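Number 196 in the working numbering belongs to position 115 of the sequence shown; there are no gaps in the numbering.
Every residue, glycine too, gets a C-beta built ideally from N, C-alpha and C.
These numbers were taken from a predicted model, which means no experiment stands behind them.
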Amino acid sequence: MQTDFLVIGSGIAGLTYALKTAKQFPDKKVLVITKTNADETNTKYAQGGIAGVWDEDKDSFDKHIDDTLIAGDGLCNKHIVEIVVKEGPERIREMIEYGANFDKNESGDYALGREGGHSEYRILHHKDVTGKEMERALLHEVAATPNIEINNHCFVIDIITQHHLGYLVTKSTLDITCFGVYILNLTTNKIEKVLSHFTLLATGGCGQAYRTTTNPKIATGDGIAMVYRAKGRIENMEFIQFHPTALFEPGVSPSFLITEAVRGDGGILRNKNGEAFMEKYDARKDLAPRDIVARAIDNEMKISGTEHVYLDCRHMGKEKFIHHFPNIYEKCLSIGIDVTQHMIPVAPAAHYSCGGIKTDEHARTSIQNLYACGECASTGLHGANRLASNSLLEAMVFAHRAFLDIFTRLENAETLAASAFAENIGNAIPDWNAKGTSDPREMILITQSQKELQQIMSDYVGIVRSDIRLQRAMKRLDLLFEETENLYRNTKVSPQLCELRNIITVGYLIVKGAEFRKESIGLHFNTDHPLKSELLQNIIL
Ligand code: FAD
Ligand code: SIN
Numbered sequence: 082m083q084t085d086f087l088v089i090g091s092g093i094a095g096l097t098y099a100l101k102t103a104k105q106f107p108d109k110k111v112l113v114i115t116k117t118n119a120d121e122t123n124t125k126y127a128q129g130g131i132a133g134v135w136d137e138d139k140d141s142f143d144k145h146i147d148d149t150l151i152a153g154d155g156l157c158n159k160h161i162v163e164i165v166v167k168e169g170p171e172r173i174r175e176m177i178e179y180g181a182n183f184d185k186n187e188s189g190d191y192a193l194g195r196e197g198g199h200s201e202y203r204i205l206h207h208k209d210v211t212g213k214e215m216e217r218a219l220l221h222e223v224a225a226t227p228n229i230e231i232n233n234h235c236f237v238i239d240i241i242t243q244h245h246l247g248y249l250v251t252k253s254t255l256d257i258t259c260f261g262v263y264i265l266n267l268t269t270n271k272i273e274k275v276l277s278h279f280t281l282l283a284t285g286g287c288g289q290a291y292r293t294t295t296n297p298k299i300a301t302g303d304g305i306a307m308v309y310r311a312k313g314r315i316e317n318m319e320f321i322q323f324h325p326t327a328l329f330e331p332g333v334s335p336s337f338l339i340t341e342a343v344r345g346d347g348g349i350l351r352n353k354n355g356e357a358f359m360e361k362y363d364a365r366k367d368l369a370p371r372d373i374v375a376r377a378i379d380n381e382m383k384i385s386g387t388e389h390v391y392l393d394c395r396h397m398g399k400e401k402f403i404h405h406f407p408n409i410y411e412k413c414l415s416i417g418i419d420v421t422q423h424m425i426p427v428a429p430a431a432h433y434s435c436g437g438i439k440t441d442e443h444a445r446t447s448i449q450n451l452y453a454c455g456e457c458a459s460t461g462l463h464g465a466n467r468l469a470s471n472s473l474l475e476a477m478v479f480a481h482r483a484f485l486d487i488f489t490r491l492e493n494a495e496t497l498a499a500s501a502f503a504e505n506i507g508n509a510i511p512d513w514n515a516k517g518t519s520d521p522r523e524m525i526l527i528t529q530s531q532k533e534l535q536q537i538m539s540d541y542v543g544i545v546r547s548d549i550r551l552q553r554a555m556k557r558l559d560l561l562f563e564e565t566e567n568l569y570r571n572t573k574v575s576p577q578l579c580e581l582r583n584i585i586t587v588g589y590l591i592v593k594g595a596e597f598r599k600e601s602i603g604l605h606f607n608t609d610h611p612l613k614s615e616l617l618q619n620i621i622l
């Protein structure tokens with residue numbers, strides 16, 4: 082299969098890029114590949130909203146930039162922060178043009194929300210289901226764009242580089258080039274190669290590396306693992322963001338999120354004795370940045386020996402609560418919690434990967450013709466801790482920038498050269514070699530290994546880390562890695578096996594990053610190195 086533009090992922094990042102590219106090149110084909118249904122993405126579950134400077138009387142670019150830099154604890158790339166904040170409102174306007182409905186107040190202006198770390202009200206939202214609304218609008222626009230094709234239920238196994246043509250490719254190879262991907266087509270059960278001059282990875286996050294996560298099952302860090310295997314650069318993986326307030330519901334996975342916007346509207350965290358504890362930890366109390374709030378909750382849980390704390394919304398007013406948070410109200414009611422009468426039990430859950438595939442300001446990866454944006458990318462925006470509601474914004478800004486970069490390259494006489502490419506390189510790329518593999522004898526081994534991985538990461542590489550915990554994690558991951566690679570060599574590939582392999586790689590990258598970072602900063606807190614070093618650096622693997 083050959084396409085002009087190849088997009089892996091149908092969340093906000095992939096679809097934004099696909100729309101822009103398809104509209105600019107109406108005679109070219111844009112192929113979007115997604116491993117389950119098109120709307121099953123992290124994007125769909127986003128609640129709080131998308132941050133952007135909207136009310137220019139009260140807010141300013143400088144304030145949003147400062148808030149982002151403060152949350153990032155000194156490790157953000159200021160140039161990238163400025164790009165995202167300044168270009169953000171234009172991208173949000175485009176989202177509105179695609180048909181996304183954001184809530185308005187009685188005077189007809191957008192009703193702006195606030196979350197942890199924001200000094201102003203600047204978050205556009207649709208009730209407490211903003212992501213679902215944005216994904217709906219994007220898919221609707223895609224359906225009306227004839228030159229975009231979405232292939233659902235196609236699992237991308239690996240990106241194709243000159244390694245597949247028989248060349249030795251190492252981390253020091255300068256011109257590693259992406260020619261497309263191998264996919265497992267789950268409808269035909271065949272492995273196919275999809276070739277393209279330009280490939281964009283928009284494969285989302287990796288919350289599934291942890292036992293308790295807000296991320297859906299698809300979030301297994303596939304893009305990050307693929308780039309690492311292809312010898313591309315990965316950065317800052319130790320910064321896994323734990324959302325402070327996931328609904329505590331033992332045995333339920335993924336965890337249901339209680340958006341930070343609830344605290345923005347006045348919700349108060351309390352410990353098991355009913356004490357509002359955040360003032361002990363930070364002057365910004367319940368609206369401190371996420372790393373601080375999650376660590377405070379972790380500490381309160383350790384002190385009291387409980388598995389959760391409470392979010393108190395009883396004083397917020399029923400009508401107001403239901404108006405802004407109808408989904409949360411219904412969900413809580415469905416498990417016997419009337420938020421106007423009872424406090425909501427909450428605990429932190431793995432939520433967002435601040436690091437990922439290292440990209441530049443044009444969304445280029447270290448591999449030629451391979452771009453990345455959205456949660457799988459590390460652009461430099463988030464530093465050591467992401468500011469709430471900055472990720473949907475970042476995804477749109479860099480989807481646009483990837484499109485612009487490719488457009489400029491094509492304007493400057495670079496051609497898609499489809500036929501020459503197909504003849505010269507496409508034909509030389511071998512079909513997938515499944516020789517020597519057989520059907521898995523026990524699928525349960527794969528499930529068990531994934532559970533083990535999640536257990537290891539949650540027990541040893543969670544909110545608070547130490548050198549010995551990281552060493553333990555690495556030893557156990559080594560064994561899982563060896564067992565899984567063995568299985569991979571001898572077994573026919575399946576999405577489950579590939580996801581296991583990917584999430585083990587991601588676990589390895591998180592632990593490796595955490596081991597290299599001999600300091601505590603942002604989301605990475607190591608009791609053996611409690612202070613921030615003076616020379617802040619990104620950790621590139
Ligand atoms: P996703 O939306 O996750 O899409 C990933 C796509 O890649 C999917 O289509 C998937 O099928 C595809 N894919 C992955 N691997 C493969 C493979 N191997 N083969 C084929 N396809 C593949 N951020 C905010 O800014 N504001 C919020 O309010 C907010 N709330 C959130 C609430 C929750 C519960 C969660 C989980 C996240 C929230 N976030 C929020 C974070 C934000 O939603 C995500 O970071 C963002 O949506 C990621 O978008 P994306 O396009 O990069 O990836
Ligand atoms: C939330 O609604 O609390 C999540 C926002 C985010 O992850 O940015």
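Less than 8 Å between the CB atoms is what I'm expecting for residue i and residue j, so what's the real figure, rounded?
i: F236; j: L87; result: F236 to L87, Cβ: 15 Å. No contact.
i: G507; j: L276; result: 5 Å
i: L604; j: I339; result: Actually they are not in contact, since the Cβ atoms of L604 and I339 sit about 20 Å apart, beyond 8 Å.
i: A327; j: C457; result: Going by Cβ atoms, the distance from A327 to C457 rounds to 22 Å, so no, they are not a contact pair.
i: A294; j: S336; result: The sequence shown places Thr at residue 294, rather than the Ala named in the question. So it is a contact: roughly 7 Å between Cβ atoms.
i: E316; j: G180; result: At roughly 35 Å, the Cβ-Cβ gap does not stay under 8 Å, so E316 and G180 are not in contact.
i: E163; j: I177; result: Rounded, the Cβ-Cβ distance is 23 Å, inconsistent with contact.
i: Y291; j: Q552; result: At roughly 19 Å, the Cβ-Cβ gap does not stay under 8 Å, so Y291 and Q552 are not in contact.
i: Y452; j: A483; result: 4 Å
Does any heavy atom of the ligand SIN sit closer than 7 Å to the C-beta of residue i?
i: H432; result: yes
i: S470; result: yes
i: H324; result: yes
i: E196; result: yes
i: E341; result: yes
i: L205; result: no
i: L368; result: no
i: Q128; result: yes
i: L338; result: yes
Is any heavy atom of the ligand FAD found at a distance shorter than 7 Å from the C-beta of residue i?
i: I161; result: no
i: A476; result: yes
i: D486; result: no
i: K298; result: no
i: K116; result: yes
i: C259; result: no
i: L604; result: no
i: V237; result: yes
i: C457; result: yes
i: I89; result: yes
Mind checking residue i: buried by the 16 CB within 10 Å criterion, or exposed?
i: M524; result: exposed
i: I204; result: buried
i: T251; result: exposed
i: R174; result: exposed
i: N232; result: buried
i: K139; result: exposed
i: L625; result: The shown model of the chain, from 82 to 622, leaves out residue 625, and the question about it has no answer.
i: K412; result: buried
i: G517; result: exposed
i: P370; result: buried
i: S601; result: buried
Which residues does DSSP list as the beta-bridge partners of residue i?
i: Q449; result: T258
i: A377; result: None; A377 has no bridge partner.
i: G437; result: E316
i: K101; result: Per DSSP, none; premise fails for K101.
i: G194; result: I204
i: P426; result: Y391
i: H245; result: According to DSSP, which records beta bridges pairwise, H245 is partnered with nothing at all.
i: R546; result: N607
i: Y263; result: D239 and K274
Using a Cβ-based criterion (distance less than 7 Å to any ligand heavy atom), does residue i qualify as near the ligand MN?
i: D303; result: With respect to small molecules bound, the structure shown includes the ligand FAD and the ligand SIN and not the ligand MN.
Is it the case that the stretch 460-477 contacts the stretch 151-158, given that we only count it when at least three CB pairs across the two stretches are under 8 Å? yes
Would you be able to state if there are at least three C-beta pairs under 8 Å between the stretch 394-401 and the stretch 262-272? no
Is the stretch 127-147 in contact with the stretch 506-514, if contact means three or more CB pairs nearer than 8 Å? With the cut-off at 8 Å, the stretch 127-147 and the stretch 506-514 do not touch.
I'd like to know if the stretch 241-259 and the stretch 145-152 are in contact, where contact means that at least 3 CB-CB pairs between them fall below 8 Å. no
Is there contact between the stretch 204-214 and the stretch 328-345, where contact requires at least three CB pairs shorter than 8 Å? yes
Does the pairing of the stretch 524-535 with the stretch 565-577 give three or more beta-carbon distances under 8 Å? With contact defined as three or more Cβ pairs closer than 8 Å, the stretch 524-535 and the stretch 565-577 are in contact.
For the pair the stretch 474-487 and the stretch 169-186, tell me if three or more CB-CB distances fall below 8 Å. yes
Please confirm if the stretch 437-448 is in contact with the stretch 366-376, defined as three or more CB-CB distances below 8 Å between the two stretches. With a cut-off of 8 Å, the stretch 366-376 and the stretch 437-448 do not count as touching, because too few Cβ pairs lie within range.
For the stretch 529-546 against the stretch 606-618, do three or more pairs of beta-carbon atoms, one drawn from each stretch, fall closer than 8 Å, so that the two count as touching? Contact between the stretch 529-546 and the stretch 606-618 is present, because at least three Cβ pairs lie under 8 Å.
Is it the case that the stretch 303-313 contacts the stretch 412-422, given that we only count it when at least three CB pairs across the two stretches are under 8 Å? Look at the beta carbons and you see the stretch 412-422 not touching the stretch 303-313: under three pairs across the two are nearer than 8 Å.
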